[in-house]
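Below: the structure, in structure tokens.
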Amino acid sequence: MKQLKEFTIQFVGLKEGKHHFDYKIDQTFFDHFDYEEFNSSNINVDVTLNKKSTLLEFHFEVSGDVNVNCDVTNEPYDQQISNTFDLVVKFGEEYNDENIDILIVPHGEYEVNIQQYIYETIVLAIPSKLVHPGVEDGTLDSEILKKLEELSPKLKDKKEKEDEIDPRWNTLKKLLTDK
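For the sequence shown, the residue numbers in my numbering are 17 to 195.
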């Protein structure tokens, strides 16, 4: 996958200490990853780089909203998201990203690309089940909800259940009284 240039941080020229990077993420970012779950997105990513003599510490803070389709009604709505992620970049013999929050880069490297970590932090902030807020509070007026209500099994109240006894039991009760 081609790396996006604006997410490459050259850390060689930076002084030791904290450095801030702000990114605005829109739908073109997700198009680059061929991720089609969002209709649109408006996300702010605040990245703090703490450069130390032997390692780099990244702190990602993601907040904003994405327009997604409800899993129940398929109606689009804006889902608020927020998430944080910490990444430690160490220097070693060869590139290694097997550990989820530790990245090892070769000693000669002078830059690191963080686009994959931003992408994963955003995607992991999305709830596993997307439910429109109108479904939860009952204010959404949708044909799909009406159809679901129509097709759902009806619960009978307690009095109707008592009145509706299986006729086979009545036949068995006669055996008790026929003595």
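Idealized CB from N, CA, C, for every residue including glycine.
Exercise for the section: Sort 94, 145 and 68 by Cα distance to residue 34 and report the nearest one. Expected result: 68
Handout entry: Which of helix, strand or coil DSSP assigns to residue 36
Key = strand
Exercise for the section: Go ahead and pull the three-state DSSP assignment for residue 51. Expected result: coil
Exercise for the section: In the DSSP assignment, find the unbroken beta strand (DSSP E) run with residue 67 in it and report its ends. Expected result: 56-67
Problem - Any non-hydrogen atom of the ligand COA within 6 Å of residue 19 CB - result: Questions concerning the ligand COA fall outside what the structure shown contains, since it holds no ligand whatsoever.
Problem - When 186, 91 and 132 are compared against residue 149, the one with the closest alpha-carbon - result: 91
Problem - Any 3 or more C-beta pairs closer than 8 Å across the segment 55-75 and the segment 97-113 - result: yes
Exercise for the section: Can you tell me which of the three DSSP states residue 19 falls into? Expected result: coil
Exercise for the section: Find out if the Cβ-Cβ distance for the pair residue 6, residue 82 is shorter than 7 Å. Expected result: An answer regarding residue 6 cannot be provided, because it is not within the stretch 17 to 195 covered by the chain.
Practice task
Quickly, what does DSSP pair residue 88 with across the bridge? List them, please.
Solution key: Residue 88 is not bridged to any residue.
Practice task
Express the C-alpha separation of residue 134 and residue 18 in angstroms, rounding to a whole number.
Solution key: 15 Å
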